[in-house]
Structure formats: C-alpha cells, structure tokens
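**Student:**
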Amino acid sequence: CLPYDRFSPNPQIVSRRIQTLIRLMRGRVPKAGRVVLTTMSAVLQRVPPRAAFADAVLRIVQGERRDPEVLLSFLQRHGYVRAETVVEAGEYAVRGGIIDVFPPGLAEPVRLDFFGDEVESIRVFDPASQRTTGKRKSVDLKPVSEISLDEESIVRFRSGYRALFGAVEGDDPLYEAVSAGRRHSGMEHWLPLFHEHLETVLDYVPEAAVVLDHHGAEALEARLDLISEYYAARLARPPADLLTGSPPYHAVPPDRLFVSGEEWRHRLDGRLVVELSPFA
78 CLPYDRFSPN
88 PQIVSRRIQT
98 LIRLMRGRVP
108 KAGRVVLTTM
118 SAVLQRVPPR
128 AAFADAVLRI
138 VQGERRDPEV
148 LLSFLQRHGY
158 VRAETVVEAG
168 EYAVRGGIID
178 VFPPGLAEPV
188 RLDFFGDEVE
198 SIRVFDPASQ
208 RTTGKRKSVD
218 LKPVSEISLD
228 EESIVRFRSG
238 YRALFGAVEG
248 DDPLYEAVSA
258 GRRHSGMEHW
268 LPLFHEHLET
278 VLDYVPEAAV
288 VLDHHGAEAL
298 EARLDLISEY
308 YAARLARPPA
318 DLLTGSPPYH
328 AVPPDRLFVS
338 GEEWRHRLDG
348 RLVVELSPFA
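For reference, each letter of the sequence shown is one residue, going 78 to 357 in this note's numbering.
(1) Does the contact criterion of 3 or more C-beta pairs under 8 Å hold for the stretch 127-141 versus the stretch 288-306?
(2) To the nearest angstrom, how far is the alpha carbon of T97 from that of I175?
(3) Pick from L297, L349, G347, A285: whose alpha carbon is nearest that of M102?
(4) Helix, strand or coil for V201, going by three-state DSSP, please let me know.
(5) Measure the CB-CB distance between G360 and I224 and report whether it falls below 9 Å.
(6) Could you give the DSSP three-state label for F356: helix, strand or coil?
(7) Helix or strand or just coil, what does DSSP make of A160?
(8) Using DSSP's beta-bridge definition, name the partner residues of K108.
(9) Do you know how far the Cα of R259 is from the Cα of D217?
(10) Just checking my contact of R311 with A328 at CB under 8 Å: how many whole Å lie between their CB atoms?
(11) For a test of the three-state rule: what should DSSP assign to I175, helix, strand or coil?
(12) How many angstroms separate the CA atom of H274 from the CA atom of L121?
(13) Taking only three categories from DSSP, how would you classify S222?
(14) Is I90 near K219, with beta carbons less than 9 Å apart?
(15) Looking at the structure shown, is E339 part of a helix, part of a strand, or coil, going by DSSP?
(16) For a test of the three-state rule: what should DSSP assign to S215, helix, strand or coil?
(17) What does the alpha-carbon distance come out to for the pair S337 and P181?
(18) Run through DSSP, which three-state label would T209 get?
(19) Spatial neighbours of F242 within its chain, please: CB distance less than 7 Å, with the 5 preceding and 5 following residues excluded, ordered by chain position.
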C-alpha cells in the first residue's frame with residue numbers, strides 16, 4: 078500500500094512476507110544457495126526484527142496435550158480474525174471443542190478437534206463446502222500480522238505515541254483501539270511504535286551480495302520522493318478533517334518507517350555489490 082495510508086496491506090501479502098522472513102531467519106539451505114528477488118520499495122521498508130519471529134511459530138501435533146485457550150490467545154495475538162466460518166487465510170472459528178483455522182502458507186484450512194485438552198485429530202477441509210479433504214499429523218501456525226498485540230507491545234505503542242505526538246486529546250480511534258487490545262485498519266503504518274527497533278530485509282541476509290539492475294538508482298530516488306511527498310501531505314492536513322469527519326492522522330517520521338538514501342548507501346558498505354548494465 079502507499080506510504081502513510083489509512084488502510085492495512087493485503088493480509089495474504091503480509092502473510093507471505095512473514096513466511097519469507099522466517100525462512101530467511103532460519104539460516105542457509107544445505108548444499109544450496111539462495112536468491113531473494115525483491116524491489117527497491119520492499120528493501121527500503123523496515124520490517125519487524127528477527128527477534129520478533131523467534132518464537133512466533135506454534136506447532137500443533139495430533140495426540141499432544143494443548144490448552145485450547147492458549148491456542149486461541151496465540152491466534153488473537155498474531156493477527157488472526159475470528160469468523161463464523163473460516164473461508165480465507167488468517168481466519169479462525171470456534172465451535173465447542175473444534176477450532177477451525179486457516180494458517181498462511183496452506184492451500185486449505187485445518188480443523189483441530191479437541192477432546193478436553195488433547196488434539197484428537199487434525200483434518201484439512203475445503204473452505205467452500207466445509208467438507209474434509211484430508212488429514213495431517215501436525216500443522217505449523219504462523220503469524221498473519223507483523224504486529225503482536227500483547228501487553229508489552231501495547232504499552233510500548235502508547236508511550237511511543239504520546240512521546241511523538243503529545244498527549245492524546247479528543248477522538249483518536251487508533252490510540253483507543255490499540256489501548257483496548259483491538260486491531261485497527263492501517264495500524265501497520267505505526268509499526269515502529271510496537272517494536273523496540275525495526276530491521277530490513279538486508280539484516281535477514283547479512284552475508285548476501287546485493288545485485289542492482291540498471292534502474293536501481295532511479296527506483297531508489299522515485300521511492301524516496303514518494304515517501305517524502307506523502308509524509309509532507311500528512312503534515313499539511315489539519316489534525317482532523319472537519320468536512321469529512323476523518324480521524325486525526327499522526328504520521329511517524331519517515332526515517333522510523335523507511336531507509337533513507339544515506340542509510341541505504343551506508344548499508345551497502347562492506348557488501349559485495351553488483352550493478353547490472355543494459356550495455357555490453
């Protein structure tokens with residue numbers, strides 16, 4: 078989505094990004110190399126630190142004992158949305174001792190059948206017909222949001238928000254929602270306030286060479302100009318639009334959300350950098 082948007086990024090794209098970061102964080106592929114194909118916009122965007130995903134994968138195994146309430150707490154904390162019927166990735170539903178959940182990375186959702194606190198079965202089902210299509214011995218549940226709404230992150234957000242923008246006065250739906258432990262549309266644009274610090278894709282591949290195509294410098298400047306333009310537009314608007322009634326938008330400084338041109342050049346120091354050319 079655009080810088081400083083009021084909307085959240087597409088949940089499926091977020092899920093794929095989280096999956097990729099977790100895979101990169103887990104280290105090298107044995108006897109093989111890896112290529113990460115990305116864009117300048119994605120490289121400049123700060124992402125949660127590796128520590129945020131260290132314990133963010135919950136493996137459910139058939140036959141194990143697992144407190145359903147702990148499972149539900151994990152799902153809520155990592156961005157899953159409760160629904161009546163699970164249809165899309167990132168949703169979960171509860172019916173007595175059955176918990177349906179659609180983890181990112183799977184083609185179909187899974188049905189966890191509990192007998193007390195024992196995982197009696199794990200069945201795969203078709204979200205359209207809700208009929209079982211297969212069985213599994215285990216399933217990995219990964220986050221669907223880069224923001225974990227736990228007590229620590231909420232406290233960090235509240236203090237960081239006030240430090241940047243002053244005392245909260247009047248109607249501020251974002252601040253109110255997060256303070257109550259609820260997700261709010263577009264909250265990802267305040268990502269730095271939920272973490273002690275952010276990293277970039279380059280931090281996840283510390284020894285990687287960087288290969289830039291012949292449009293690299295042009296793409297860098299275009300993205301930085303766009304970020305600067307949208308940030309300036311947010312600052313120019315009044316705290317709340319009296320005509321439309323839209324809530325206030327307190328924009329996080331660009332250097333908290335994105336890598337600057339100077340930082341980008343500094344991050345390339347010490348790396349093998351290859352620049353492609355369209356000429357022989």
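Beta carbons: idealized from backbone N, C-alpha and C, even for Gly.
**Tutor:** A quick look at the data gives this:
(1) Verdict: no, contact absent.
(2) Roughly 30 Å between the two C-alpha positions.
(3) Selection L297, L349, G347, A285 evaluated against M102 yields A285 as nearest (Cα-Cα).
(4) V201 falls in the strand class under three-state DSSP.
(5) Given that the chain is displayed from residue 78 to residue 357, the structure contains no residue 360 and the question cannot be resolved.
(6) Note: F356 maps to coil in three-state DSSP.
(7) In the structure shown, A160 sits in coil (DSSP, three-state: anything other than H, G, I, E or B).
(8) Paired residues: none, contrary to the question.
(9) Taken atom to atom, the span from the alpha-carbon of D217 to that of R259 is near 24 Å.
(10) Their Cβ separation, rounded to whole angstroms, is 4 Å, which keeps R311 and A328 in contact under 8 Å.
(11) Strand.
(12) C-alpha of H274 to C-alpha of L121: approximately 15 Å in a straight line.
(13) Coil at S222, not helix or strand.
(14) It is not a contact, given that the beta carbons lie outside the stated cut-off.
(15) For E339, the secondary structure class from DSSP, reduced to helix, strand or coil, is helix.
(16) S215 falls in the strand class under three-state DSSP.
(17) Rounded to the nearest angstrom, the two C-alpha atoms are 31 Å apart.
(18) Strand.
(19) H327, listed in sequence order.
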